[in-house]
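See structure below.
Residue numbers (UniProt numbering): 1 to 261.
Rendered as structure tokens:
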């Protein structure tokens, strides 16, 4: 299948010694990512779980625990959720080369391309030290849960302020795909001792006749320069179900405990 061939070619292990048990974890294997599209919406009936399984297989040979980070930022592994904390207990930690694309999706800032209006471009989230875990929703084939713990240099007030000023933006340009993004600031979840925020985004790609629509609900908590993000991403413009919302809230609580104690 073409989609699987492209996914397989995107990630390749280039160290011939990655399986040597005498090598330390940080040297166990070096992965190169040509391109991974984490935010591409799929038509109903797509291959969401199969793609996640393929991603898990592709990343299995790329060790990430204890990995050194660029820029000297603290490795946040000890402050992250574990895959077993996710609904269904089948999540996968993304290898370092895939983290920038995932953070681009979470922040709403394209990894490639621009945002219109330009002044609505979200701030870049550094991948240094960041940990991102993605897992399928066990109740549907077209949705995923994501958690991230990251270093930041802005506040959640700045994040929500930008969202309020820019409720509608456009990414991409013709003749490639153009995506219209609408953003809504939701009531911030109350978590004592943490600055919190919540956003809902709807991304519509393609023409009016057969658009591809993806919806996300993201919850964030922050202390100083450390932020946790959990997100539910699903196909279609409808709001997430009550069951998915409860799972997202539980994941958020677990992420806060893991990051801040």
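Heads up, the beta-carbon is just placed ideally off N, CA and C, and yes, glycines get one too. The structure displayed is predicted, hence computed values, not measured ones.
Burial state of residue i (16 or more Cβ within 10 Å)
i           : result
residue 87  : buried
residue 257 : exposed
residue 135 : buried
residue 80  : buried
residue 151 : buried
residue 215 : buried
residue 129 : buried
residue 139 : exposed
residue 93  : buried
residue 137 : buried
residue 105 : buried
residue 221 : buried
residue 45  : Confidence in residue 45 is poor, its pLDDT being 42 and thus under 50, which makes the residue's placement unreliable; the coordinate value appears in the next sentence. Flag for residue 45 reads exposed.
residue 259 : buried
residue 118 : exposed
residue 66  : Because residue 66 carries a pLDDT of 36, less than 50, the predicted location of this residue cannot be relied on, and no value is offered for it.
residue 250 : exposed
residue 114 : exposed
residue 107 : buried
Alpha carbon of residue i to alpha carbon of residue j, nearest angstrom
i           : j           : result
residue 196 : residue 210 : 36 Å
residue 156 : residue 141 : 31 Å
residue 170 : residue 219 : 23 Å
residue 213 : residue 234 : 9 Å
residue 228 : residue 85  : 15 Å
residue 247 : residue 95  : 25 Å
residue 187 : residue 231 : 15 Å
residue 208 : residue 167 : 20 Å
residue 241 : residue 124 : 30 Å
residue 226 : residue 253 : 15 Å
residue 173 : residue 109 : 15 Å
residue 223 : residue 204 : 33 Å
residue 120 : residue 165 : 8 Å
residue 78  : residue 236 : 35 Å
residue 198 : residue 185 : 6 Å
residue 62  : residue 178 : Note that residue 62 scores a pLDDT of 42, beneath 50, so its modelled location is shaky; the value from the coordinates is reported in the next line. Approximately 33 Å, taken between the alpha carbons.
residue 206 : residue 101 : 21 Å
residue 154 : residue 239 : 28 Å
Cβ-Cβ distance between residue i and residue j below 9 Å
i           : j           : result
residue 99  : residue 127 : yes
residue 122 : residue 76  : no
residue 90  : residue 83  : yes
residue 182 : residue 202 : yes
residue 132 : residue 116 : no
residue 143 : residue 255 : no
residue 200 : residue 217 : yes
Point to revise | Sequence ranges, alpha helix (DSSP H) only - wholly within the stretch 139 to 169, length at least 4 | key: Scanning the stretch 139 to 169 from its first residue to its last, the whole alpha helix (DSSP H) runs of 4-plus residues come out as 156 to 165.
Point to revise | Complete runs of the alpha helix (DSSP H) confined to the stretch 91 to 120 [at least 4 residues] | key: The stretch 91 to 120 contains these whole alpha helix (DSSP H) runs: 99 to 107.
Practice item. Please specify which runs of the beta strand (DSSP E), each continuous and at least 3 residues long, are wholly inside the stretch 217 to 258, giving them in chain order. Key: Runs of the beta strand (DSSP E) inside the stretch 217 to 258: 226 to 235.
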